[in-house]
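Last residue of the sequence shown: number 127 in this note's numbering, and the count goes up by one each step with no gaps. For reference, the structure discussed in these notes is given below.
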Amino acid sequence: MPAKNFVSYEEFFNFYLQEHSQPANRRLHAIGTSLGLLTVIVPLVIGHPLYALAWPVVAYGFAWTGHFLIEGNKPASFGHPFWSFISDFRMVWLMLTGRLEDRLAQLPAQTGEPL
């Protein structure tokens, strides 16, 4: 199935948040993003930069587990990798700053359209 086209990043981000409706999936994303960052930073700091190449396995492993086992949907990164990467950090930032629930409450009704 072809990737859905979005008019703007904000339209995509609304879709992205709808695809992360389950709190457990969002927590897995936060864990994966945090560990993914550490997987890059720590090897660079200790002088073993090749280990930093493991970040996709760490970060996406948690995220994709959440999608396949909790949400039961296809990760948005399959159709929109760059916007999904940015959106994951944005979603985690909203979680950390306590603003995600308010942002979720502002979402338009879910259309049910596949990615």
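Where is the CB? At the ideal position from N, CA and C, for every residue including glycine. In this text, all values refer to a predicted model and were calculated from it rather than measured experimentally.
Which of the three DSSP states is assigned to residue i in this structure?
i: residue 31; result: coil
i: residue 20; result: coil
i: residue 109; result: coil
i: residue 59; result: coil
i: residue 91; result: coil
i: residue 68; result: helix
Measure from the alpha carbon of residue i to the alpha carbon of each residue in the options, then state which is nearest.
i: residue 120; options: 99, 60 and 27; result: 27
i: residue 32; options: 83, 58 and 45; result: 83
i: residue 53; options: 41, 29 and 66; result: 66
Considering only their Cβ atoms, is the gap separating residue j from residue i smaller than 8 Å?
i: residue 51; j: residue 64; result: yes
i: residue 76; j: residue 87; result: yes
i: residue 99; j: residue 25; result: yes
i: residue 40; j: residue 91; result: no
Going by DSSP, what residue range makes up the alpha helix (DSSP H) through residue i?
i: residue 82; result: Here residue 82 belongs to no alpha helix (DSSP H), and DSSP marks it neither H nor E.
Is there at least one non-hydrogen atom of the ligand HEM closer than 7 Å to the beta-carbon of residue i?
i: residue 88; result: The ligand HEM is not part of this structure, which contains no ligands at all.
(message) When you compare the segment 107 to 124 with the segment 63 to 80, are there three or more beta-carbon pairs, one atom per stretch, that lie closer than 8 Å?
(response) no
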